[in-house]
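Okay, structure first, notes after.
Here's what the structure looks like:
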């Protein structure tokens, strides 16, 4: 399941989708909105996606991961729109027969999602706003 | 939160306990009961814990992890009693400011939990049962 | 001259003045389109990177653009 | 002679015949207790490992056992 949605993400549902009776291990990454960035208070974030391409790029990442690890189930859900601190922006879940693979595959997927998938966030502070990582001067965002 | 419980584990609650407004990353490991082990069908599993010691040993692992990574929140919940295939046996969740740490810390905790925490499982097959990893002849269990 | 409709995302919307723009260029490659866009919207030059996607894939500079192609500007991504 | 009450977990319950057992030994260390248990319950010898916990901590072989100590047999763990 690959989902780009404006609605709050149901983590349990993502995990259920990725789970599988033959798997013993599910690793899940949950990315949430932090209440601060470089020492400034984040009031809210705006997430935007090029949806059709984002789904395609996530699909490619999953395909790559499937060749590297024995994925038995997986699910990726990314939220767009306005998010407040504490809200869930992304959930990646993968299940594999053995646990080390579940960690490695999940990390590979979220790492590549952050590098290649056309989704953007703008942090809105009390005194301004900024598209994250857009300019060379911007401090690289490393959640 | 460290919990050893006979009741089904509420994964969302474990994640909520580990989450933190200042964190951007939560990694979660979910260990479930597989429907097969070494080619044999698992009918159910019996989990047993030396509860007071198990809580103490998990606490030590968390303390160690806290020295290695900047944990901002964490929670470990382990179920005991009778579990059927697909049911959740253990959930570990940790939150950190940056995502790589959340993966590393979560993996450290579950790896050490499996090595040191006094919890035992007995697999019950259609034609017998076996305490996992107890005897040298037993195939090491590697979920 | 070739006319292309461009989708803008993230910060590039600020430079192009909206979610879409039309440009006319002499060439017909991604590289030609890029030069024209950089000249017409100098703000794009200040980005850390700028990819151009064609039909939902990252496109190479030499790719020839067709009339029905869906073309989009991909500034540095920051999902997750 | 020293008398100790032993908690058994996992597969060790099968050998001790229940969740608890009492043993009398000459010595007063973990090592002495271990020898006595191995002799009295030979099934324990077939385990991949056997730790003895005292007051909820893994105990070293030289540890002297006190009268009020909580003593437990820890066969190979398999949680998770």
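Protein chains in written order, with full-length UniProt numbering: chain A, 1 to 143; chain B, 1 to 143; chain C, 1 to 80; chain D, 1 to 80. Virtual Cβ for every residue (Gly too), placed ideally from N, Cα, C. Computed from a predicted structure; not experimentally measured.
Practice task
Helix, strand or coil for residue 98(B), going by three-state DSSP, please let me know.
Solution key: DSSP places residue 98(B) in coil when its eight states are reduced to three.
Problem - Closest by C-alpha distance to residue 66(D), when choosing among 13(D), 41(D), 47(D) and 53(D) - result: The closest CA to that of residue 66(D), considering only 13(D), 41(D), 47(D) and 53(D), is found on 53(D).
Handout entry: Closest residue to residue 37(B) among 21(A), 12(A) and 54(A) (Cα-Cα distance)
Key = Put simply, of 21(A), 12(A) and 54(A) the residue whose alpha carbon is nearest the alpha carbon of residue 37(B) is 21(A).
Handout entry: Contact set for residue 12(C): own chain, Cβ-Cβ below 6 Å, skip 5 residues either direction
Key = Sequence-distant partners of residue 12(C) (beyond 5 residues in either direction) whose C-beta falls short of 6 Å from its own C-beta, in its chain, are 73 and 75.
Exercise for the section: Could you say which of 41(D), 59(D) and 62(D) lies nearest to residue 17(D) if we only look at CA atoms? Expected result: Checking every option, the nearest Cα to that of residue 17(D) belongs to 41(D).
Practice task
Over the uninterrupted alpha helix (DSSP H) stretch that includes residue 15(D), give me the two end residues.
Solution key: First-last of the alpha helix (DSSP H) with residue 15(D): 12-16.
Problem - Residues from the stretch 44-64 of chain A in contact with chain C, defined by Cβ distance under 8 Å - result: Taking 8 Å as the cut-off between beta carbons, the residues of the stretch 44-64 of chain A near chain C are 47, 48, 49, 50, 52, 53, 54 and 56, in sequence order.
Practice task
Inspect the CB distances between the stretch 43-62 of chain D and the stretch 85-96 of chain B and report whether three or more fall short of 8 Å.
Solution key: The stretch 85-96 of chain B and the stretch 43-62 of chain D do not touch, with fewer than three beta-carbon pairs separated by less than 8 Å.
Exercise for the section: Please go through the same chain and pick out, in chain order, the residues whose beta-carbon is closer than 6 Å to the beta-carbon of residue 17(A), but skip the five residues on each side of it. Expected result: Cβ within range, chain order: 1 and 75.
Problem - Cutoff 8 Å: residue 131(A) Cβ touching any chain B Cβ - result: At a cut-off of 8 Å between beta carbons, residue 131(A) makes no contact with chain B.
Exercise for the section: Find out if the Cβ-Cβ distance for the pair residue 22(D), residue 51(D) is shorter than 8 Å. Expected result: Not closer than 8 Å, so no.
Exercise for the section: Ignoring anything shorter than 4 residues or poking outside the stretch 31-99 of chain A, list the alpha helix (DSSP H) runs there in chain order. Expected result: Counting only runs of 4 or more residues that sit fully inside the stretch 31-99 of chain A, the alpha helix (DSSP H) segments are 51-68, in chain order.
Handout entry: Close-in-space but distant-in-sequence residues of the same chain around residue 142(A) (CB under 7 Å, 5 per side omitted)
Key = Reliability of the predicted coordinates at residue 142(A) is poor, the pLDDT of 49 falling under 50, and the value obtained from them is presented with this limitation in mind. Cβ contact annotation for residue 142(A) (same chain, cutoff 7 Å, sequence separation greater than five): none.
Practice task
Could you spell out the range, first to last residue, of the alpha helix (DSSP H) harbouring residue 117(B)?
Solution key: Boundaries cannot be given for residue 117(B), as no alpha helix (DSSP H) includes it and DSSP labels it neither H nor E.
Exercise for the section: Flag this pair as yes or no: are the beta carbons of residue 120(A) and residue 15(C) separated by less than 8 Å? Expected result: Result no, Cβ atoms of residue 120(A) and residue 15(C) do not sit closer than 8 Å.
Handout entry: The beta strand (DSSP E) enclosing residue 54(C), as first and last residue numbers
Key = 51-54 is the span of the beta strand (DSSP E), which, as asked, contains residue 54(C).
Practice task
With 8 Å as the threshold, decide whether the Cβ of residue 120(B) is near any Cβ in chain D.
Solution key: Under the Cβ criterion of 8 Å, residue 120(B) is counted among the residues facing chain D.
Exercise for the section: Spell out the partners DSSP gives residue 129(B) in its beta bridges. Expected result: 124(B).
Exercise for the section: For residue 72(D), name the three-state secondary structure that DSSP assigns. Expected result: The answer is strand: DSSP assigns residue 72(D) an E or B state.
Practice task
Compute the Euclidean distance between the alpha carbons of residue 87(B) and residue 23(A), then round it to the nearest angstrom.
Solution key: The C-alpha of residue 23(A) is placed about 11 Å away from the C-alpha of residue 87(B).
Practice task
Could you check the C-alpha separation between residue 26(B) and residue 2(D) for me, to the nearest Å?
Solution key: Rounded to whole angstroms, the gap between the alpha carbons of residue 26(B) and residue 2(D) is 51 Å.
Practice task
For residue 10(B), name the three-state secondary structure that DSSP assigns.
Solution key: Here residue 10(B) sits in coil by DSSP.
Handout entry: residue 34(C) - containing alpha helix (DSSP H), residue span
Key = Residues 30-40.
Handout entry: Members of the stretch 103-119 of chain A near chain C, C-beta cut-off 8 Å
Key = Here the close residues are 110, 113, 114, 115, 116, 117, 118 and 119.
Practice task
Please report the residue range of the beta strand (DSSP E) in which residue 3(C) lies.
Solution key: 2-8 is the extent of the beta strand (DSSP E) around residue 3(C).
Exercise for the section: Would you verify that the beta carbon of residue 15(C) is, or is not, closer than 8 Å to some beta carbon of chain A? Expected result: Taking Cβ atoms only, chain A never reaches closer than 8 Å to residue 15(C), which makes this a no.
Problem - residue 82(B) burial status per 10 Å Cβ neighbour count (16 or more: buried) - result: It is exposed - the Cβ of residue 82(B) has fewer than 16 other Cβ atoms within 10 Å.
Problem - Contact residues within the stretch 67-96 of chain A, judged by C-beta distance below 8 Å to chain C - result: Answer set for the stretch 67-96 of chain A: 78, 89 and 90.
Exercise for the section: With 8 Å as the threshold, decide whether the Cβ of residue 39(B) is near any Cβ in chain A. Expected result: Not an interface residue.
Practice task
Using a cut-off of 7 Å between C-beta atoms, extract the partners of residue 135(B) located in chain D.
Solution key: Those within 7 Å of residue 135(B) in chain D are 46, 47 and 48.
Exercise for the section: Report yes or no: is there a C-beta of chain B within less than 8 Å of the C-beta of residue 31(A)? Expected result: Yes, because at least one Cβ of chain B sits closer than 8 Å to the Cβ of residue 31(A).
Practice task
Determine the burial state of residue 130(B): buried for a count of at least 16 other Cβ atoms within 10 Å of its Cβ, exposed for fewer.
Solution key: So residue 130(B) ends up on the buried side.
Handout entry: Buried/exposed call for residue 133(A), threshold 16 Cβ in 10 Å
Key = Classified as buried, residue 133(A) has 16 or more neighbouring CB atoms from the shown chains inside 10 Å of its CB.
Practice task
Kindly say whether residue 28(A), judged by its beta-carbon, lies nearer than 8 Å to any beta-carbon of chain B.
Solution key: Taking 8 Å as the threshold, the shortest C-beta distance from residue 28(A) to chain B falls below it.
Handout entry: Distance between residue 125(B) and residue 4(B) (C-alpha atoms, nearest Å)
Key = Going from the Cα of residue 4(B) to the Cα of residue 125(B) covers about 25 Å.
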